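With my numbering applied, the sequence shown corresponds to residues 9 to 89, in that order.
Note sheet for the following structure.
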Amino acid sequence: MKKDRIPAYKTECGLLPYSEARKKKYTSKQLEQLAYVPSALPRYLVLQSFDFTQDSMDILLRYEELFQKQSQCKREWREQR
Numbered sequence: 009m010k011k012d013r014i015p016a017y018k019t020e021c022g023l024l025p026y027s028e029a030r031k032k033k034y035t036s037k038q039l040e041q042l043a044y045v046p047s048a049l050p051r052y053l054v055l056q057s058f059d060f061t062q063d064s065m066d067i068l069l070r071y072e073e074l075f076q077k078q079s080q081c082k083r084e085w086r087e088q089r
């Protein structure tokens, strides 16, 4: 997931993916005239700071913890009623 990249256009605001460029009121004609970079930006920007080879977690274990916590919250809620 860290290696996935998306295309972007070089604009005055820096590199922008198509959707962001359209939000900033760039027209299709203007985008055609800008430099197109096929693999410019990371697809999942939030994940770039994580090191999945060293700091990975057991997803199944985490899921079970969350599921148990959710069940406990439901029980407490029912007891209060």
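Note that beta-carbon positions come from the ideal geometry of N, C-alpha and C, so glycine has one too.
For clarity, every value in this text was computed on a predicted model and none was experimentally measured.
A48 beta carbon less than 8 Å from that of L39: Between L39 and A48, the gap from beta carbon to beta carbon reaches 8 Å or more.
Nearest to Y43 (by Cα), restricted to the options G22, S57, R51 and P50: Residue identity check: residue 43 is Ala in the sequence provided, not Tyr. Taking the Cα of A43 as reference, the smallest distance to any Cα among G22, S57, R51 and P50 is reached at G22.
Y71 (DSSP reduced to helix, strand or coil): DSSP places Y71 in helix when its eight states are reduced to three.
Element boundaries [beta strand (DSSP E), containing K32]: Counted as a single uninterrupted DSSP element, the stretch harbouring K32 is not any beta strand (DSSP E), since DSSP gives it neither H nor E.
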